[in-house]
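Residue numbers (our numbering), protein chains in the order written: chain U, 44 to 257; chain P, 18 to 374. All C-beta atoms, glycine included, are put in the ideal place defined by N, C-alpha and C. Inspection log for the structure reproduced underneath, given as structure tokens.
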């Protein structure tokens, strides 16, 4: 659930970010690029802590969200979603960007001479052609979300049924005497989901490439 | 109506300074070696390349005038473009590709079914671009550009990536298209056969400069241009069929103010056609010969004599009442006949050497 929502919210933003990073050259571009990739190289606990600082009840963004919309992110499912989305954001941006860069600019020129404006081209030419990379990125991000541990436990804690993700549950089970059986069971689930995700992305990628005639 | 283009642009390697004005509708062939600036002109006309200075006017419609800040983006120019590499959308069927531009403009005079039959692509509609041959792909690309109801058609070496057989397969479609549509067409090529077959006007380019421009019958018959020193140099004459002599299996053509006999054609009297007279097939004489198999003895006036030192020959330009002919002969022949600009001369041409296009 958390993973699906994280990808659902994260993907459009990731596409937009990838689009900006591929198409435009601006002053802050290297900085923005570094910021996007930060969660990938930072220890997840640090990411979680930064989120806590920013989105916490007393954090600058957290206060705004709470006062204006009555939304509390810390220690909630929404918080777990946010943590997951931030952690998988670099994965999605990377794969979307690679596929956007691979789209032949000549095809977009052709679309222009046929009367298609920029949004028309994005929807009908660029995104369909980049779709294999976008989907593969989304699926890998989904699978990664399922395994997200550090940032989630720091930002959203591990509340069973609310913010407890699969690895958190496994970890919790291992802390309890005699919980090995449960941990093994959950680990199998985790393994299956991850494997299924990877196989699915492989298959979809191949199918789409056939459709696109590559 | 006319097409007028003025361009100035500085590339790292070359400075372009282009200005020409040609008649519209009709095919204007931009002709020159690679790197001469042909594609720059066509990309600027499409709006895909913005030159330092550019004024482009088609039939009185200003597409660009950088001096007064006018620069229509490509999507608002109504300039259909056919690229060398066809650029069909790989994720769409042929039919969807064809309709891409059509769905984005108000219905116009060019109809889907007409284009499909004109280009012979009816059997391809459900196919995907990657399953098509190069020639088929180019025909679909031409159809796609036409269905966007363009006011101007731009073709950037549309046949350059095809082998001779595929080229021969498409050229008739282009010739048909040219007569069926009353459109201004800018056509980039460096192949003489395409230019001779399609051009109404020609713009000769070299190293970013315009060398000459005008009607094809004038430009192709000028001895002072590099064009005349090519192996395949030859004049193009726009003709009409005057007589079909079935008994002698000959057709008489009238064009350029002269008469030409060619082997019997499948065209009715009055039909238009164009002929190409290769320079190396034209013999010069000062008196009409008798007892000779030749059918064409065309009187004219020597207009220019240009040396071609590479081939140790000269190219003689023979003026006809309208347009002219080219003849490649030895310098010795010029001396023996006493030819100089202004002297009358007879051009002897075998009827079988004349290429009817």
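Unbroken beta strand (DSSP E) run spanning residue i, endpoints
{"i": "residue 202(P)", "result": "201 to 206"}
{"i": "residue 317(P)", "result": "313 to 325"}
{"i": "residue 179(P)", "result": "Here residue 179(P) belongs to no beta strand (DSSP E), and DSSP marks it neither H nor E."}
{"i": "residue 35(P)", "result": "32 to 40"}
{"i": "residue 117(U)", "result": "Segment: none, residue 117(U) is in no beta strand (DSSP E) and carries neither H nor E."}
{"i": "residue 280(P)", "result": "275 to 280"}
{"i": "residue 301(P)", "result": "299 to 302"}
{"i": "residue 66(P)", "result": "No beta strand (DSSP E) holds residue 66(P); DSSP gives it neither H nor E."}
{"i": "residue 286(P)", "result": "Element bounds for residue 286(P): n/a, residue is neither H nor E."}
{"i": "residue 70(U)", "result": "No beta strand (DSSP E) holds residue 70(U); DSSP gives it neither H nor E."}
{"i": "residue 361(P)", "result": "361 to 366"}
Residue closest to residue i, alpha-carbon to alpha-carbon, out of the options
{"i": "residue 62(U)", "options": "173(U), 215(U), 200(U)", "result": "173(U)"}
{"i": "residue 183(U)", "options": "223(U), 67(U), 195(U), 127(U)", "result": "127(U)"}
{"i": "residue 205(P)", "options": "172(P), 322(P), 26(P), 18(P)", "result": "172(P)"}
{"i": "residue 95(U)", "options": "123(U), 216(U), 177(U)", "result": "123(U)"}
{"i": "residue 166(P)", "options": "290(P), 238(P), 93(P), 272(P)", "result": "93(P)"}
{"i": "residue 78(P)", "options": "67(P), 62(P), 283(P)", "result": "62(P)"}
{"i": "residue 181(P)", "options": "210(P), 101(P), 312(P), 190(P)", "result": "210(P)"}
{"i": "residue 91(U)", "options": "118(U), 74(U), 77(U)", "result": "118(U)"}
{"i": "residue 243(U)", "options": "136(U), 145(U), 175(U)", "result": "175(U)"}
{"i": "residue 235(P)", "options": "190(P), 268(P), 272(P), 267(P)", "result": "272(P)"}
{"i": "residue 143(U)", "options": "196(U), 250(U), 67(U)", "result": "67(U)"}
{"i": "residue 338(P)", "options": "98(P), 276(P), 331(P)", "result": "276(P)"}
{"i": "residue 359(P)", "options": "87(P), 316(P), 367(P)", "result": "316(P)"}
{"i": "residue 330(P)", "options": "246(P), 281(P), 293(P), 76(P)", "result": "246(P)"}
{"i": "residue 35(P)", "options": "19(P), 59(P), 18(P)", "result": "59(P)"}
{"i": "residue 161(U)", "options": "179(P), 90(P), 132(P)", "result": "90(P)"}
{"i": "residue 140(U)", "options": "231(U), 234(U), 46(U), 65(U)", "result": "65(U)"}
{"i": "residue 138(U)", "options": "218(U), 112(U), 59(U)", "result": "59(U)"}
{"i": "residue 65(P)", "options": "149(U), 253(U), 218(U)", "result": "149(U)"}
Terminal residues of the alpha helix (DSSP H) in which residue i lies
{"i": "residue 132(U)", "result": "120 to 145"}
{"i": "residue 5(U)", "result": "No information on residue 5(U) is available, as it lies outside the stretch 44 to 257 that chain U covers here."}
{"i": "residue 339(P)", "result": "Unbroken run through residue 339(P): none, as it is neither H nor E."}
{"i": "residue 174(P)", "result": "Residue 174(P) -> no alpha helix (DSSP H), and no H or E assigned at all."}
{"i": "residue 106(U)", "result": "103 to 112"}
{"i": "residue 63(P)", "result": "55 to 63"}
{"i": "residue 348(P)", "result": "348 to 354"}
{"i": "residue 158(P)", "result": "151 to 164"}
{"i": "residue 238(P)", "result": "Where residue 238(P) is concerned, there is no enclosing alpha helix (DSSP H), given that its DSSP letter is neither H nor E."}
For residue i, three-class secondary structure by DSSP
{"i": "residue 223(P)", "result": "strand"}
{"i": "residue 21(P)", "result": "strand"}
{"i": "residue 82(P)", "result": "strand"}
{"i": "residue 26(P)", "result": "strand"}
{"i": "residue 93(P)", "result": "helix"}
{"i": "residue 371(P)", "result": "coil"}
{"i": "residue 203(U)", "result": "coil"}
{"i": "residue 218(P)", "result": "strand"}
{"i": "residue 266(P)", "result": "coil"}
{"i": "residue 52(U)", "result": "helix"}
{"i": "residue 249(U)", "result": "helix"}
{"i": "residue 75(P)", "result": "strand"}
{"i": "residue 48(P)", "result": "strand"}
{"i": "residue 295(P)", "result": "strand"}
{"i": "residue 99(U)", "result": "coil"}
{"i": "residue 309(P)", "result": "coil"}
{"i": "residue 345(P)", "result": "strand"}
{"i": "residue 244(U)", "result": "helix"}
{"i": "residue 357(P)", "result": "coil"}
{"i": "residue 229(P)", "result": "strand"}
Flag this pair as touching only if the region 116 to 129 of chain P and the region 154 to 171 of chain P have three or more C-beta atom pairs under 8 Å; answer yes or no. yes
Should the region 47 to 61 of chain P be called in touch with the region 202 to 218 of chain U, which here means at least 3 C-beta pairs below 8 Å? no
Could you give the uninterrupted runs of the alpha helix (DSSP H) lying entirely in the region 100 to 138 of chain P, keeping only those of 4 residues or more? 111 to 119, 129 to 136
So does the region 256 to 266 of chain P actually touch the region 77 to 95 of chain P, counting three or more Cβ pairs closer than 8 Å? no
Per the contact definition of three or more C-beta pairs closer than 8 Å, is the region 202 to 222 of chain P in contact with the region 31 to 44 of chain P? yes
When you compare the region 164 to 171 of chain U with the region 92 to 107 of chain U, are there three or more beta-carbon pairs, one atom per stretch, that lie closer than 8 Å? no
Is the region 149 to 160 of chain U touching the region 225 to 234 of chain U in the sense that three or more CB pairs, one from each, lie closer than 8 Å? no
Assess, as a yes-or-no matter, whether the region 298 to 308 of chain P is touched by the region 344 to 354 of chain P under the definition of 3 or more beta carbon pairs within less than 8 Å. yes
Which parts of the region 143 to 196 of chain U are runs of the alpha helix (DSSP H), unbroken and 4 residues or longer, counting only runs that do not cross its ends? 148 to 156, 161 to 164, 170 to 189
Can you find at least 3 beta carbon pairs, one from the region 100 to 113 of chain P and one from the region 143 to 159 of chain P, that sit closer than 8 Å? yes
For the region 186 to 199 of chain P and the region 19 to 38 of chain P, state whether three or more C-beta atom pairs, one from each stretch, are separated by less than 8 Å. no
Quick check: the region 50 to 60 of chain U against the region 179 to 193 of chain U, are there 3 or more CB pairs under 8 Å? yes
Under 8 Å, with one C-beta from each stretch per pair, do the region 307 to 326 of chain P and the region 282 to 290 of chain P reach the 3-pair mark? no
Below 8 Å, can you find three or more Cβ-Cβ pairs linking the region 189 to 197 of chain U to the region 82 to 90 of chain U? yes
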